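Below: the structure, in structure tokens.
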Amino acid sequence: MRRSSSSSITSSCSCSGDEVVSGNFAGDGTGYSLSIEKHYRTNPKKKGKGYDYVIRLIEIETVMYVGFGYSRKSEMEAFNRAMGMVEKFGVGFDSISLDRYYSSRKVLWIFDREVAVYVIPRRNIVRLGFEWVRIVKRIVEVPRDFLRRYFMRNLCEAGFSADKRRFGWRIR
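Sequential numbering of the sequence shown, starting at 63, is according to our numbering.
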């Protein structure tokens, strides 16, 4: 179901208070195993009832978390919660880099046409539809810049790694 234009994420970068937010974000999610017997080697897709899902959105300029989502059901539910948190604080998006998992039409519909979305499709781009025109155009025009910006999502993975070393394998 497509969100109405009044509830879509726009490219305004206003925030309450004196803080200035650049509007350039990256996001990535992960699954946390609920038992010691399940780990990445035995279940690399991190699916099933034995996992909790977390996604964090990071501002690229400051490498600070701006959104967090947690779910016991799915990574997409965690994503929707993180986006709700960002929307609640009135933070706008100019661009966002996301993992392949977020390459569906539903995710692309969330963002306004002015928001530059950096994502690579999961499989067959022919089945993805018209929403991909703006992304493919950006890839074709300057592929190196697109890939450089897409891989900014590695900041999220580095944040996950640092948090796990600092706090252990618990969701804080």
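No residue lacks a Cβ here, since even glycine has one placed at the ideal position from N, Cα and C. Since the structure is predicted, the reported quantities are computational estimates derived from the model, not experimental observations.
Asked, Found
"Could you pull out every residue in the same chain whose Cβ sits closer than 6 Å to the Cβ of ARG162, ignoring the five residues on either side in sequence?", "ILE182 and ARG184"
"Can you tell me which of ARG134, SER136, PHE130 and GLU137 puts its alpha carbon nearest to the alpha carbon of GLU149?", "PHE130"
"Assuming GLU193 contacts LEU170 under a Cβ cut-off of 8 Å, what Cβ separation, rounded to an integer in Å, is found between them?", "4 Å"
"Leaving aside the five residues before and after PHE208 along the sequence, list all residues of the same chain whose C-beta is less than 7 Å from its C-beta, in chain order.", "TYR180, ARG200 and ILE201"
"What residue does the alpha helix (DSSP H) around GLU149 start on, and which one ends it?", "137-150"
"With LEU160 as the anchor, note down where its alpha helix (DSSP H) starts and where it stops.", "Segment: none, LEU160 is in no alpha helix (DSSP H) and carries neither H nor E."
"Pull the bridge partners of LEU119 from the DSSP assignment, please.", "GLY89 and GLY129"
"Taking the beta strand (DSSP E) that VAL179 belongs to, which residues open and close that run?", "178-180"
"Taking DSSP as the reference, what is the three-state secondary structure of PHE173?", "strand"
"Which word fits THR92, buried or exposed, when buried means at least 16 other C-beta atoms lie within 10 angstroms of its C-beta?", "buried"
"Cα-Cα, which of GLU121, ARG134, LEU160 and TYR127 is closest to GLY112?", "ARG134"
"Counting only the same chain and skipping the five closest in sequence on each side, list residues whose C-beta sits under 7 Å from that of ARG215.", "ALA88, GLY89, ASP90, SER159, LEU160 and ASP161"
"Apart from the five residues just before and just after ILE120, which ones in its own chain have a Cβ nearer than 8 Å to its Cβ?", "PHE87, ALA88, GLY89, MET126, TYR127, VAL128, LEU217, CYS218 and GLY221"
"Does the distance from the C-beta atom of ARG175 to that of ARG196 stay below 9 Å?", "yes"
"Just list the alpha helix (DSSP H) runs in the region 185-209, keeping only unbroken ones of 4 residues or longer that don't cross its boundaries, in chain order.", "195-203"
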